[in-house]
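In what follows, a single structure is set out as structure tokens and then discussed.
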Amino acid sequence: MTQTHFGFKKVNEDDKARRVRGVFDSVASKYDIMNDLMSMGLHRAWKAYTVMVANVQSGDTVLDIAGGTGDMAQAFAKHAGTQGTVVHTDINFAMLRQGRDRLLDEGLMLPTTVCDAEALPFADAQFNVVCVSFGLRNMTHKDRALAEMARVLKPGGKLLVLEFSKVAQPLSKVYDWYSFEVLPRLGKMVAGDDASYRYLAESIRMHPDQAALKSLMQQNGFAHVDIHNLSLGVVALHVGIKC
Ligand code: SAM
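Following this note's numbering, the numbering of the sequence shown begins with 154 at its first residue and continues without gaps.
And the structure:
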């Protein structure tokens, strides 16, 4: 049986999705508050920057993959307007439900679908923009997921991958301390779950760095890939243009 990483643990490939589901089932109800606390609000700036770079136009079709609690879908919907379509998707029903409720509270009823990024239930060349924000890290076959994102994009369409990445060297000690000492404690206090936040810290360390992710995108259908490092590489936005 082929093995893969779940954080620092090695697990059977076909067990990873179940474990990831367990993490997000556990944190879904506290996900938004934990994001604000852990990043000290910075995730809002990273996401606002991503939405700006996406440059969604009125009438565009947009796919939000691993869209979770729906903040990106909500922002894209403002730009796509009533002529456009934003599809909000995630593999996890608990996360998607939080997002759907948030969107409804904001008066937005978007098409919402439970689906796996590795096997997207959409026709080829359907979307102008595809976004995956803090989701790719959790996927078992990142190459398959990226190839699927390329497949559903129109030629010339744009993929935005916002994800934790490799921090600049001077920050690495304090970042490690924060990730492994502070985050799990915060998770325990606020969400009653330290293990999920330890997984978060570990999964970030196992995720491809900026250059490796760029080359993975190039191998899976993206002709041109730009890297935007944010907060000294704590996060990187990769922008790929479909060939
Ligand atoms: N996009 C939201 C954000 O930026 O806050 C949520 C990100 S959350 C850290 C990661 C999400 O990825 C979870 O909701 C999880 O269910 C989803 N996910 C993990 N594996 C997935 C897959 N194979 N396909 C689709 N979504 C997946």
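Glycine included, C-beta positions come from ideal geometry on N, C-alpha and C. Everything numeric in this text was worked out from a predicted model, so none of it was measured.
If we count the other Cβ atoms within 10 Å of its Cβ and call it buried at 16 or more, is residue i buried or exposed?
| i | result |
| --- | --- |
| residue 236 | exposed |
| residue 330 | exposed |
| residue 388 | buried |
| residue 169 | buried |
| residue 309 | exposed |
| residue 327 | exposed |
| residue 163 | exposed |
| residue 155 | exposed |
| residue 325 | exposed |
| residue 262 | exposed |
| residue 256 | buried |
| residue 253 | buried |
| residue 251 | buried |
| residue 193 | exposed |
| residue 260 | exposed |
| residue 288 | buried |
| residue 272 | exposed |
| residue 198 | exposed |
Cutting at 7 Å between CB atoms, please list the residues of its own chain near residue i, excluding the five before and the five after it.
| i | result |
| --- | --- |
| residue 391 | 314, 366, 367, 370, 378, 380 |
| residue 353 | 336 |
| residue 165 | 154, 156 |
| residue 394 | 309, 311, 375, 376, 377 |
| residue 196 | 188 |
| residue 269 | 244 |
For residue i, which residues in the same chain have their Cβ closer than 8 Å to its Cβ, ignoring the five residues on either side in sequence?
| i | result |
| --- | --- |
| residue 267 | 242, 243, 244, 245, 246, 249 |
| residue 202 | 381, 383, 390 |
| residue 204 | 225, 228, 229, 232 |
| residue 206 | 313, 381, 390, 392 |
| residue 300 | 373, 374 |
| residue 161 | 355, 358, 359 |
| residue 190 | 339, 343 |
Ignore the nearest five residues each way along the sequence and tell me which others in residue i's own chain have a CB closer than 6 Å to its CB.
| i | result |
| --- | --- |
| residue 151 | Nothing can be reported for residue 151, as the shown portion of the chain is limited to 154 through 396. |
| residue 179 | 346, 349 |
| residue 386 | 318, 319, 320, 321 |
| residue 239 | 215, 226, 229, 230, 233, 263 |
What residue ranges within the segment 286-364 form continuous beta strand (DSSP E) runs of no fewer than 3 residues, ordered along the chain?
306-317
Cβ contact (3+ pairs, closer than 8 Å) linking the segment 205-220 and the segment 274-285
yes
Sufficient close CB pairs (3 or more, under 8 Å) joining the segment 181-199 to the segment 336-350
yes
Evaluate the contact criterion for the segment 315-326 versus the segment 345-363: three or more CB pairs, one atom per stretch, below 8 Å.
yes
The segment 160-174 / the segment 282-299 touching (three or more Cβ pairs under 8 Å):
yes
Can you check the segment 206-230 for any beta strand (DSSP E) of at least 3 residues that lies completely inside it and give the ranges in chain order?
214-218
Please list the segments of the beta strand (DSSP E) lying wholly inside the segment 246-289, counting only runs of 3 or more residues, in order along the chain.
265-267, 280-286
Only counting runs of 3 or more residues, tell me where the beta strand (DSSP E) segments fall wholly within the segment 157-182, in order along the chain.
162-165
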